[in-house]
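Participant: Questions regarding the structure given below will be posed in turn.
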Amino acid sequence: MTPEELKVDQLVDPKSLLNELNKLVEKYDGDGSSFKLRSEVLTKLKSTHKEARREIEKLLMDDGQGRRCSERLSCVQDMIIQVIYDFAVTHVYPVENPTKSERISVIAVGGYGRGTLAPHSDVDLLFLWPYKQTPWGDQVVEFILYMLWDMGLKVGHSTRNLDETIKQCREDMTVRTAILEARYVWGDLELFQELTKRFDKEIVSGSGPEFIAAKLAERDDRHERHGASRYLVEPNVKEGKGGMRDLNTLFWIAKYFYRVPNGLGLVEKGVFSRRVLNRFRKSQDFLWAVRCHLHFLTNRPEERLSFDVQREIADRLGYMDHPGMRAVERFMKHYFLVAKDVGDLTRIFAAALEEQHVKSAPSISRFLGSFVPGSKHKRRSIKGTRDFLVENGRIVAAKEDIFEKDPVNLIRVFYLIDKTNLDMHPELLKLVRRSRRLINADFRKNEQANRLFLKILTSRSDPETVLRAMNESSILGQFLPEFRKVVAMMQFNMYHHYTVDEHLIRSIGVLSEIERGMGGDSHPLATDLIKSVHSRKVLYVAMLLHDVAKGRPEDHSIAGAKIARKICPRLGLSPAETDTVAWLIEQHLEMSTVAQSRDLSDPKTIKDFCRKVQSLERLQLLLILTVADIRAVGPNVFNGWKGQLLRTLYYESETILSGGHGRMSQQQRVDFAKQELAEKLEGWSDEELDNYLNRHYPAYWLRVDLKSKINHANLIRMTDAEEEHLATAVKPHAFEGVTEITVLAPDHPRLLSTIAQACFAAGANIVDAHIDTTKDGLALDTIYISRELPEDDDEYRRGERICCLIKEALRGTAPVPEVKGLAKKPNARSKAFSLQTTVLVSNSWSENYTVLEVTGLDRPGLLSDLTTEISALNLNIASAHVGTFGEKAVDVFYVTDLTGQKVHNVGRQESIRDRLKNAFDGKKPQKAPMSSRRRPQKLTGK
């Protein structure tokens, strides 16, 4: 487009700008090499460029056209380079009679070559000369580059002659891709034309399949690095799946294979219809708008759409809050729908290429395969249907009207994908998408369609892959309108890693893995229980629908139960099965909440939980659903500690719900844990072993995993041999991104507070903590802090330094250093969220303790402030449960007053609420009085 069409002719006029620079030369008597002149020229260029960018940002805010913004930035960059070039060859390094070698063509390559540029993208240039470098050429290139660098631009450049460029294109696919998008900027036009002519003839001709295979291999590697799902809630706009680079890859392949300069050429070649081309352009325009806003907002080449910028970009793009959905969630839903469109475009493009005999059938992936030369195979039939055939290892339609004649085929085709383990041909996928309007209210009542869908959902092979295919083709949302409402819906929090629909589909995949016995080491109880479940379909239907009511004004668990009561009968579930599904959905958070934030050694906790569950069958189903739900949230969210807590809650509840006839009584489980440890402890005498096994309370044996028990036993044994009962141990966990610090010390009321203060003073953020006490008065505290250093050795030394600080604080040999208030503020990502601090004081959750539940925005030093304030309130902490769910902290403390009684006084309860809220919000806590009374502490983490 011309500068006039782009509305940048008023921002930069090359002729006027060059005239202004020429006048500057006159000030220095025509001496173009003057350093002072160069400084003034640079100042003028910088101010012109800065002002132009400011105006382009205003235009973006006004018209919202992302592609147009990138074209404006590119056009302005062209004009700046043209002016610098003309100034250099006219005033700085003029040549009276240039030789044939003294020619330069300035060529834009890469993204800049497409005529688009993000605000902080690299300016990629090729300086091309005909034969060999000349001193004049070197000087001109150097002048241009230093001017651009001094303007603050990041310039990627290469200087080559024609032969070198063609040679490197032949050897290096990255260079070949860059030259594919070469665009003339300034200088010698004939040289540029010679390059494009030779590139087409010597490089492109006959090498289409090779180029396509290389580009798709690059794409797969990129997806692996930046997240294989296009539904990650903090996507990379440029490199992520469904992002701009995927569109670029389509354009590269199209330009290389079809030799067309733009999208209209693809329409003429029959690759895209005009409707599909419009989708391509809309997707591209939206992604450019997001990327340009992202660069302008952060003032750097930021490509990751992180939580701390999502809200402001949503505001810049004009999104508004709706009931049940915030503006930022509506924006991100739009983003993920566009990413889904990009996936559709890729499949359509793949089908067109296959018709040209460029690519063979996929061997592994669904819907997309490697682009390599191939040939069609003969068609063969599929048992049980005449409407679908197998061709080249994929399912194809026997006729074009198979869906019009029998709409149930829209579900049957996915049943066949599951049954045959074959992929769907892209042309059939296009036909499926075009026919989805046939799924209406009457269709949804069709018994055969519902029966086939239930078979897909409860398949014993790979239901996750087939459901994702149904979702990608929009059939799942069309068949279940309630599911369609959560398609591409994000939850604006740091806990969930995926959109709601992707989380639901992944949870089905996890459930299927549990049933097939995969990954049983991390959840052995769920793997064992699922074998005896009476109704598999109850579990799978509840799993698919458990979050289907997200984004509504009412509680999604209650609303989801109502939806289930409507959907289940049509899927063929009995009234009793429907009731169970609805109950599971309504209570799907209960087991996780109780296990992670309640004292499981308190009988009332277990009784209250059992009162809600009511039956052993429901308990089993809820345990399995809870494990699958947590595991599907994201990588590393489910861990051994959470698994142990869930198992403890299950076994304690099983005993009550079975009338005391559970699989193992509590005492049997304690005895089994002791025996298991005894077998692993080598070199211990019988007396030593017997004494050690009697040092811990039952809760310890039930909650702690075997590996930790072994480490604890060796640490305590080593400490017993020394005079001072104070020891620490450090263990980095690279995969989980945390470092484990174990502290063994004499128990006292302010122990937890002192350790938390020492960790905070050392700059360590506590993300999890498990604390137990022994019968002889020792506290065994395991603290997990966020990892900061990449190497284990470095992180270990950091952990040792923190341990030294903890020891000094506990010995009283050195005071804990005070931390300035600035350090207590949430990090940049957390600041994007707004959570109201709530403090609940309850005497009904425990028979013997007052329970304090404090919820709000997590921040460094939070546990330190809360425990210090609780001590200042003259309360003894009997147990505590630290939970961090993304940006949200949920900390629960079981406390008594100094006489060991519950806090019944209403006025004092109100004071506790106010002071803990102030402490949570970072206001200076009160200094705690020293208390002589000691009470055992036990702390469990998330």
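Offset between the sequence shown (1-based) and the numbering used here: plus 203. All C-beta atoms, glycine included, are put in the ideal place defined by N, C-alpha and C. Owing to the predicted nature of the structure, the values given are computational and were not obtained by experimental measurement.
Runs of 4 residues minimum, wholly inside the region 850 to 908: which ones carry the alpha helix (DSSP H) assignment?
Facilitator: With a minimum length of 4 residues, the continuous alpha helix (DSSP H) runs that stay inside the region 850 to 908 are 869 to 883, 889 to 896, 901 to 906.
Participant: Let me know the secondary structure DSSP gives F591 once reduced to three states.
Facilitator: Here F591 sits in strand by DSSP.
Participant: According to the neighbour-count rule (16 or more other Cβ atoms, all chains shown, within 10 Å of its Cβ), is R1137 buried or exposed?
Facilitator: Residue confidence is low: R1137 scores 39 on pLDDT, short of 50, so the model does not pin down where it sits. No coordinate-derived value is stated.
Participant: Could you check whether S638 and L613 sit closer than 9 Å to each other, using their CB atoms as the reference points?
Facilitator: Contact: yes.
Participant: How is L947 classed by DSSP in three states: helix, strand or coil?
Facilitator: If DSSP states are grouped into helix, strand and coil, L947 belongs with the strands.
Participant: I'd like the span of the beta strand (DSSP E) that includes A1012, first residue to last.
Facilitator: Note, A1012: premise wrong, no beta strand (DSSP E); alpha helix (DSSP H) at 995 to 1014.
Participant: The alpha helix (DSSP H) spanning T1099 covers which residue range?
Facilitator: Note, T1099: premise wrong, no alpha helix (DSSP H); beta strand (DSSP E) at 1091 to 1100.
Participant: Please name the residue in T829, T945, H951 whose C-alpha comes closest to that of S1002.
Facilitator: A small correction: the amino acid at residue 1002 is Gly; Ser does not occupy that position in the sequence shown. Residue T945 is the option with its Cα nearest to G1002.
Participant: Decide if E718 is buried, meaning its Cβ has at least 16 other Cβ atoms within 10 Å, or exposed.
Facilitator: Under this definition E718 is a buried residue.
Participant: Relative to the alpha-carbon of L1076, which residue among E780, H1084, P952 has its alpha-carbon at the smallest distance?
Facilitator: Of the candidates E780, H1084, P952, the one whose C-alpha sits nearest the C-alpha of L1076 is P952.
Participant: Within the same chain, show all residues whose beta-carbon is closer than 7 Å to that of H360, passing over the 5 residues directly before and after it, in chain order.
Facilitator: Excluding residues within five positions, the ones whose Cβ falls inside 7 Å are L328, F330, L348.
Participant: Provide the residue span of the beta strand (DSSP E) that contains S361, from first to last.
Facilitator: Note, S361: beta strand (DSSP E), 358 to 364.
Participant: Quick one: Cα of A672 to Cα of D621, how far?
Facilitator: Those two C-alpha atoms are separated by around 11 Å.
Participant: Could you check the C-alpha separation between K1126 and L1119 for me, to the nearest Å?
Facilitator: Near 10 Å, if we compare the C-alpha coordinates of L1119 and K1126.
Participant: Could you give the DSSP three-state label for V479: helix, strand or coil?
Facilitator: V479: helix per DSSP, three-state reduction.
Participant: Return the CA-CA distance between I283 and D289, expressed in angstroms with no decimal places.
Facilitator: The straight-line gap from Cα to Cα measures roughly 10 Å.
Participant: Can you tell me which of G754, H628, T588 puts its alpha carbon nearest to the alpha carbon of R529?
Facilitator: R529 has its Cα closest to that of G754, out of G754, H628, T588.
Participant: Does the beta-carbon of S273 have 16 or more other beta-carbons within 10 angstroms, so that it is buried, or is it exposed?
Facilitator: Result: buried.
Participant: Alpha carbons only, please: which of P338, S956, P438, Q878 is nearest the one belonging to P297?
Facilitator: Measuring from the Cα of P297, the nearest candidate turns out to be P338.
Participant: Look up A530 in the DSSP assignment and say whether it is helix, strand or coil.
Facilitator: If DSSP states are grouped into helix, strand and coil, A530 belongs with the helices.
Participant: Using a 10 Å radius around the Cβ and a threshold of 16 neighbouring Cβ atoms, would you call E943 buried or exposed?
Facilitator: Classification for E943: buried.
Participant: Round the Cβ separation of K335 and N364 to the nearest angstrom and send it over; I've been treating them as touching at under 8 Å.
Facilitator: Contact flag correct, Cβ pair sits at about 6 Å.
Participant: What's the call for V388, buried or exposed, on a 16-neighbour Cβ count within 10 Å?
Facilitator: It is buried - the Cβ of V388 has at least 16 other Cβ atoms within 10 Å.
Participant: Assign V292 to one of three DSSP states: helix, strand, or coil.
Facilitator: Correct three-state label for V292: helix.
Participant: Answer with buried or exposed for V1109, where buried requires no fewer than 16 other C-beta atoms within 10 angstroms of its C-beta.
Facilitator: Exposed is the call here.
Participant: Can Y895 and W887 be called in contact, C-beta distance under 9 Å?
Facilitator: Going by C-beta atoms, Y895 is nearer than 9 Å to W887.
Participant: S989 bridges to which residues according to DSSP?
Facilitator: Its beta-bridge partners are V941.
Participant: Got a sec, what are the start and stop residues for the alpha helix (DSSP H) A1083 sits in?
Facilitator: Segment 1078 to 1088 is the beta strand (DSSP E) holding A1083; no alpha helix (DSSP H) there.
Participant: Y377: buried (16+ other C-beta within 10 angstroms of its C-beta) or exposed?
Facilitator: According to the sequence provided, residue 377 is Thr. The question's Tyr does not apply to it. Exposed, since its Cβ has fewer than 16 Cβ neighbours within 10 Å.
Participant: Using 8 Å for Cβ pairs, my map puts W455 next to K404. What's the rounded Cβ distance?
Facilitator: Going by Cβ atoms, the distance from W455 to K404 rounds to 19 Å, so no, they are not a contact pair.
Participant: Which residue from V797, R814, P756, L822 puts its Cα closest to that of V784?
Facilitator: Of V797, R814, P756, L822, the residue nearest in Cα terms is L822.
Participant: Can you tell me whether DSSP reads Y459 as helix, strand or coil?
Facilitator: Correct three-state label for Y459: helix.
Participant: Could you give the residue range of the beta strand (DSSP E) that holds H973?
Facilitator: 969 to 976 is the extent of the beta strand (DSSP E) around H973.
Participant: Can you give me the Cβ contacts of S578 inside the same chain, cut-off strictly under 6 Å, excluding the 5 residues immediately before and after it?
Facilitator: Low confidence applies here, because S578 scores a pLDDT of 39, under 50, leaving its location unreliable; read the following figure in that light. Same-chain partners within the cutoff: there are none.
Participant: Can you give me the C-alpha to C-alpha distance between K765 and G712, rounded to a whole angstrom?
Facilitator: The straight-line gap from Cα to Cα measures roughly 24 Å.
Participant: In chain order, what residues of the same chain have a beta carbon less than 7 Å from the beta carbon of G527, not counting five sequence neighbours either side?
Facilitator: Excluding residues within five positions, the ones whose Cβ falls inside 7 Å are G754, R755, P756.
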